[in-house]
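Chains as they are written, first to last, in our numbering: chain V, -19 to 300; chain A, 10 to 297. Here a beta-carbon is modelled for each residue, glycine too, at the ideal position from N, C-alpha and C. Accompanying notes for the structure given below.
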């Protein structure tokens, strides 16, 4: 098992804030909009550097999506900012008609995704957003795993032509990906080559997958671990190549079991390479209030759950 | 008497032809929305042929030209006809309206690459926000041209419109002219019966907009002078709202005075009657 270490922990949303500032320096057409959550979205540095390119929308997310669509008519590259819940479910029709169907170059930056939003509870913890966004034709869906990767993903989103859903979170998590990484949309990152079982993880679950790989190694199981930072378009070649070798897969995500990364992988496998698969995901329920790490434990979104899923799927592989 | 680029007589001729296009298009596919389309015919003809400064070539970004956004996308027949008559795409393409493999979808879209359309609309309440974004981009680009957005009055029941109204006034979007097709009717009946709009002029004023009301929205002279007044009111630190009193189904006698022609198509006999009332002026589109 390849050794992964980290010297600091940071929130992915701060990676977005840093990436947005860089994107703003790189292209003067980059503009930002926010629905009364500047501090939460870490937009302060961008606003300080480019005050005339920032639009405070107020608590009016539907209007924000429409204004973002309009800004692209005139060549701007708008990043909208609010929590993932208010970036998707609340404004699905505005995104669908004014952005996706209209082929607008809008970047939907969604913070506080999933359970790790914590104490605010289920009203704010969306677990359906990946599903909602990936169903839209032409939408790119990205869920990076740490500060450095979120910063790189933000720059890549700005350079990409077309609508992007960029999902990140609130809590601090280990920073273990390289600062100078090249982020290629739709290209999975191999974290550890292995032969026994494939673990496909996205977002905050990527670090948990690495921890699970270390634990599996002590049990004599050689896991292949891949970071699926882009859920759409899915890196089908990387996934099929890996599962052709290992013969089984665990998918891990901070999302509902229905509609997330696991379902995208299952659809691919059903068509191309039927294989045993286990899900590490929320089992079709809402979240609740609590400290982020306690919530992840209660809902089975941690390294231990990935190890257990790997052991289950290995049994099914032997049985087939 | 207002001074115009085209004579009122010429604009009236275009209006008549657009009315013919509308009823023929809706008849041709036996679906669509003739009522609101006919009610806004004078407005769109005056905007595209008289008031708006437009580039010869269509470019989606529309730099250096005035932009128009149709938020109530269901009146696509009048929009398509005016765009074709203004030269954005071949007139005969109007015959494909709402048919399979057409660029003229039931509601306007950029998805099929139809020149003249800048955003999809149809799901109501979204167009004013998009127009604000385009107007904001014009300000950033130091582009002095104006942005227009047309909404239906029933559409004002959508909450997003009032989010946009608040934003435009707060941000002094004085390069934006909103227009409400104030015909008092929607699919299920009179707006006053379905969900009253209340005192619309005072509502927009309270939201911080400069309000201009045109009582005769199907009279070319009144529409032009109203639009001129709206143009003259831009650049003064507040968005401008034109409340245009129109009649649904205007120009076709049996469609007027009722909401029932909001979204139904005429039969063969009704088509003949509608065409008799609007003589061919610029040549009908050909159905191949």
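Through-space distance from residue j to residue i, alpha-carbon basis
i, j, result
"residue 127 of chain A", "residue 82 of chain V", "8 Å"
"residue 254 of chain A", "residue 98 of chain A", "30 Å"
"residue 101 of chain V", "residue 160 of chain V", "35 Å"
"residue -12 of chain V", "residue 127 of chain V", "10 Å"
"residue 87 of chain V", "residue 142 of chain V", "8 Å"
"residue 58 of chain V", "residue 122 of chain V", "17 Å"
"residue 255 of chain V", "residue 297 of chain V", "8 Å"
"residue 239 of chain V", "residue 114 of chain V", "8 Å"
"residue 10 of chain A", "residue 284 of chain A", "Since pLDDT at residue 10 of chain A reaches only 49, below the 50 mark, its modelled position is unreliable, and the value read off the structure follows with that caveat. Cα-Cα distance, rounded: 29 Å."
"residue 176 of chain A", "residue 37 of chain V", "7 Å"
"residue 273 of chain V", "residue 144 of chain V", "28 Å"
"residue -17 of chain V", "residue 169 of chain V", "15 Å"
"residue 174 of chain A", "residue 213 of chain A", "8 Å"
"residue 266 of chain A", "residue 258 of chain A", "8 Å"
"residue 116 of chain V", "residue 281 of chain A", "43 Å"
"residue 73 of chain V", "residue 56 of chain V", "22 Å"
"residue 205 of chain A", "residue 197 of chain A", "13 Å"
"residue 216 of chain V", "residue 112 of chain V", "20 Å"
"residue 228 of chain V", "residue 214 of chain V", "18 Å"
"residue 245 of chain A", "residue 252 of chain A", "19 Å"
"residue -6 of chain V", "residue 22 of chain V", "6 Å"
"residue 295 of chain V", "residue 206 of chain V", "21 Å"
"residue 166 of chain V", "residue 276 of chain V", "27 Å"
"residue 116 of chain A", "residue 274 of chain A", "16 Å"
"residue 286 of chain V", "residue 120 of chain V", "26 Å"
"residue 226 of chain A", "residue 109 of chain V", "45 Å"
"residue 178 of chain A", "residue 218 of chain A", "6 Å"
Beta-bridge partners of residue i, as assigned by DSSP
i, result
"residue 187 of chain A", "A/158 and A/250"
"residue 200 of chain V", "Partner(s): none; residue 200 of chain V has no beta bridge."
"residue 212 of chain V", "V/121"
"residue 198 of chain A", "A/195"
"residue -12 of chain V", "Partner(s): none; residue -12 of chain V has no beta bridge."
"residue 38 of chain A", "Residue 38 of chain A pairs with nothing; no bridge assigned."
"residue 77 of chain A", "A/157"
"residue 88 of chain V", "V/60 and V/145"
"residue 262 of chain V", "V/236"
Cross-chain neighbours of residue i in chain V, by beta carbon under 7 Å
i, result
"residue 132 of chain A", "73 and 77"
"residue 172 of chain A", "40, 42 and 43"
"residue 90 of chain A", "Residues of chain V passing the Cβ test: none, with the nearest at roughly 22 Å."
"residue 135 of chain A", "46, 74, 77 and 78"
Reduced DSSP category for residue i - H, G, I as helix; E, B as strand; rest coil
i, result
"residue 170 of chain V", "strand"
"residue 26 of chain V", "helix"
"residue 61 of chain V", "strand"
"residue 234 of chain V", "strand"
"residue 37 of chain V", "coil"
"residue 170 of chain A", "helix"
"residue 147 of chain V", "strand"
"residue 98 of chain A", "coil"
"residue 10 of chain A", "Any reading at residue 10 of chain A needs caution, since the residue's pLDDT is 49, under 50, leaving its predicted position unreliable; the model's value is listed next. Residue 10 of chain A: coil per DSSP, three-state reduction."
"residue 360 of chain V", "The displayed coordinates of chain V run from -19 to 300. Any statement about residue 360 of chain V would go beyond what the structure contains."
"residue 3 of chain A", "Absent from the structure is residue 3 of chain A, since the part of chain A shown begins at 10 and ends at 297."
"residue 279 of chain V", "coil"
"residue 256 of chain V", "coil"
"residue 180 of chain V", "strand"
"residue 269 of chain A", "coil"
Per-residue contacts from residue i into chain A (C-beta, under 9 Å)
i, result
"residue 56 of chain V", "142, 145, 146, 149 and 150"
"residue -6 of chain V", "In chain order: nothing, as chain A lies at least about 27 Å away."
CB-CB length for residue i against residue j, believed under 8 Å
i, j, result
"residue 48 of chain A", "residue 256 of chain A", "6 Å"
"residue 15 of chain V", "residue 40 of chain V", "6 Å"
"residue 248 of chain A", "residue 208 of chain A", "Not quite, the Cβ-Cβ distance comes to about 19 Å (not below 8 Å), so this is no contact."
"residue 78 of chain V", "residue 129 of chain A", "7 Å"
"residue 208 of chain V", "residue 182 of chain V", "5 Å"
Interface residues of chain A facing residue i [CB-CB closer than 7 Å]
i, result
"residue 51 of chain V", "142, 145 and 146"
"residue 48 of chain V", "142"
"residue 37 of chain V", "176"
Contacts that residue i makes with chain A (C-beta to C-beta distance below 8 Å)
i, result
"residue 83 of chain V", "119 and 120"
Beta-carbon neighbours of residue i, restricted to chain V and to distances below 8 Å
i, result
"residue 129 of chain A", "77, 78, 81 and 82"
"residue 71 of chain A", "53 and 54"
"residue 166 of chain A", "Within chain V, no residue comes near residue 166 of chain A; the closest Cβ sits about 14 Å away, beyond 8 Å."
"residue 139 of chain A", "46, 47, 49, 50, 53 and 78"
"residue 154 of chain A", "Within 8 Å Cβ-Cβ: nothing; residue 154 of chain A doesn't reach chain V, min ~11 Å."
Contact list for residue i against chain V, beta-carbon separation under 9 Å
i, result
"residue 205 of chain A", "In chain order: nothing, as chain V lies at least about 23 Å away."
"residue 249 of chain A", "In chain order: nothing, as chain V lies at least about 17 Å away."
"residue 40 of chain A", "Result: empty, since nearest Cβ-Cβ is about 20 Å, beyond 9 Å."
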